[in-house]
Structures are given as C-alpha cells and as structure tokens.
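For reference, the structure is listed below as structure tokens.
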Amino acid sequence: MIIKNINISILAVIIISILILFLAFVSMLGNNIFYGEGQSLEESMEWQSEHYDTSFYNGLQKEEFTVKSYDSYVLHGEILKNPTPSSKYVIISHGHYDTRYGSLKYASIYLSLGYNCIIYDLRGHGANRRTFCSYSVREGKDLAEIVHFFQAKLGRNAEIGLHGESLGAATTIASLKDVQNVSFAVADCGFSDIENVLEVIWRYSHIPTAIGPVMNQYAKLRFGIPISAMRPIDSLAKNQVPILFIHGAADQYILPANSERLYEATKGKRDLLLVPKAGHAESVFVNKSLYTEKLKDFLSSLAS
Numbered sequence: 157m158i159i160k161n162i163n164i165s166i167l168a169v170i171i172i173s174i175l176i177l178f179l180a181f182v183s184m185l186g187n188n189i190f191y192g193e194g195q196s197l198e199e200s201m202e203w204q205s206e207h208y209d210t211s212f213y214n215g216l217q218k219e220e221f222t223v224k225s226y227d228s229y230v231l232h233g234e235i236l237k238n239p240t241p242s243s244k245y246v247i248i249s250h251g252h253y254d255t256r257y258g259s260l261k262y263a264s265i266y267l268s269l270g271y272n273c274i275i276y277d278l279r280g281h282g283a284n285r286r287t288f289c290s291y292s293v294r295e296g297k298d299l300a301e302i303v304h305f306f307q308a309k310l311g312r313n314a315e316i317g318l319h320g321e322s323l324g325a326a327t328t329i330a331s332l333k334d335v336q337n338v339s340f341a342v343a344d345c346g347f348s349d350i351e352n353v354l355e356v357i358w359r360y361s362h363i364p365t366a367i368g369p370v371m372n373q374y375a376k377l378r379f380g381i382p383i384s385a386m387r388p389i390d391s392l393a394k395n396q397v398p399i400l401f402i403h404g405a406a407d408q409y410i411l412p413a414n415s416e417r418l419y420e421a422t423k424g425k426r427d428l429l430l431v432p433k434a435g436h437a438e439s440v441f442v443n444k445s446l447y448t449e450k451l452k453d454f455l456s457s458l459a460s
C-alpha cells in the first residue's frame, strides 16, 4: 500500500512537472510571438544605412507629430516634405520589429514621384510605449486614426495613399474598413491571416502544429484577442480602395499565396506583382526598377 501511494505521488509529481514545463514553454513562445525584441530608432537607422543610401533623409525638411489613437495610445512619427511643394501624401507603415526608418526605402521612391511621406512607428515599436503586437487588429485602428488626423490637418485638397510592408501591409489592409477617401493602398508581402504564417513557423521550428489552438487560447486569455481574429483579409469584404499587392516570389516566411488570397478578396481595383527571386521584404532591393515602374504604372492608372 505504501509503495502504491509512493508510485501515485511520483506520477503526480511527473505530471505536474510536465504541465509546468509546458506552460513555461507556451509563455516563452507567446512572449516571442507577441513581443519579441524590436529595434531602437538608432539601430533601425544604422541597419537601413548599411543596406541602402539613406543620405537623402538628412536633406529633407521634416515635421514630427504625435497622434492619440482610439484607446489614447500615443503614436510617434514624422512628415518628410517633398522639396517640390505637393498636395500628395503617402502614409508608410513599416514591418515587425522595425521602426519608421524602415519605411525610408519606399519613401525615396515616393519622393521621386512627387509625394510627401508620412512615416511613423507602429504600436509597440520605435519611440512608442512597449506593448504587444496584435498583428493588424489594433494596428489597423491606429493607422485609421492617423489617416483621420491628416485628413483633418491637410484638408480636402490633399491626396492620401497608404503603403505597408509585412506587418505594415497587414496594418494597411486592416485599416481600410475604417477609412474613407483614401486614394490607394500598396501592400508589400502582407499576410491574409497570421495563423497561416505561424503554421509555417511551427513547421520550420519543428514545433507540433497542435500548439496552434493552445496559442490561440493563450492570446485570447492574455490579450483579449485570439489569433483567429488576426485576419486583415476580412477588412476587404466591402473594400473599394484600389490596391497594389506586391510579394517576393521566393518569400518563405509569409508565403506569396497570402497576397494572392488578398488579391482575390478585395472588391476594388487591384493589381498583383510577384517579384522573382525576392525573399521576405526583399522585393524593393532585388529589383527596385521593376518595383518602381509597377508602382508608377499603378498610380498612373488611377488618374486615367
């Protein structure tokens, strides 16, 4: 009887230990997914400058701004003014773990096309207060608030477009259900839903896909937003804003099928460019001339 009780106690200890280890693993995984280690403004600018010419930035007239979002969260950014006065503006949203300076690679193109560029730090990034990433849910609402802020600031004569990379592309798409009178949107390597991206991560990390439902509940309990709700594609059901989708054909992180699904989902004018040999967020680097020409053609088609 004593031996039996000892065996039961040992089994209980083993089960509890396994449960504790599993919960610790889920917590660690959750922190990596929803927080991660983002770059500072200084680190981001250093990375950009090492990979392409950012010297144009120093010569621009700039205006810093803050926008209080729907939940009083404060977003920081700056306006990069075109040397030639213009009423055309584009709001550029950077990727995950980056900062507003990650948008400079696209700003250089838009400046050459006569646009003023509005760059900002996404929620939880750059100069903003640290918080969790909701993969487009809160970020899309933030961008909508920025659009409303500049529509009021610039007046009716201003043309405002949107451009986003990766998380910024998903943010751009998610914002469309809450904005009006936006001229266009460009979504570069965005995801249709974050679940399919995480499935790729599980596979490459040799984590059983059964972890998916567990992480879904984890996000719901900890943040009030389940992973299953992080679906920018749902914002396109009634969309009429013209969208250019761009994706690296060799992207193995956010698969090109995401942009293809988004392309099929939108109800407005649309176009799709898959850039050969480009990995994740590499399209503008791999073939900048193709990128620029496609963007110019798309914008020109809206004026005709």
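Numbering-wise, the sequence shown is residues 157 to 460 according to this note's numbering. For every residue, glycine included, the Cβ atom is placed at its ideal position computed from N, Cα and C.
Exposure of M184 is indicated by the presence of fewer than 16 other C-beta atoms within 10 angstroms of its C-beta. Contact between G296 and C289 does not hold, since their C-beta atoms are separated by about 12 angstroms, which reaches or exceeds 8 angstroms. Within the same chain, Cβ atoms closer than 7 angstroms to the Cβ of A300 are found at S331, D334 and V335, the five residues on either side in sequence being excluded. Apart from sequence neighbours up to five positions away, the residues of its chain that approach S384 with a beta-carbon distance below 6 angstroms are N372, ordered along the chain. D427 and P388 have their C-alpha atoms some 18 angstroms from each other.
Restricted to the stretch 242-292, the alpha helix (DSSP H) segments that are unbroken, complete and at least 4 residues in length are 260-268, listed in chain order.
Scanning the stretch 398-435 for uninterrupted beta strand (DSSP E) segments of 3 residues or longer gives 399-404 and 426-431, listed from N- to C-terminal end.
Annotation for K452: the continuous alpha helix (DSSP H) segment containing it runs K444 to A459. A459 has its alpha-carbon roughly 19 angstroms from the corresponding atom of Y447. Pairing G258 with Q204 gives a Cβ-Cβ distance under 8 angstroms.
The three-state secondary structure of H207, taken from DSSP, is helix. Going by DSSP, G324 is part of the alpha helix (DSSP H) stretching over L323 to S331.
Within the model, the alpha-carbon separation for K425 versus I247 is close to 19 angstroms. The DSSP-derived three-state label of I381 is coil.
For H232, the beta-bridge partners assigned by DSSP are T222.
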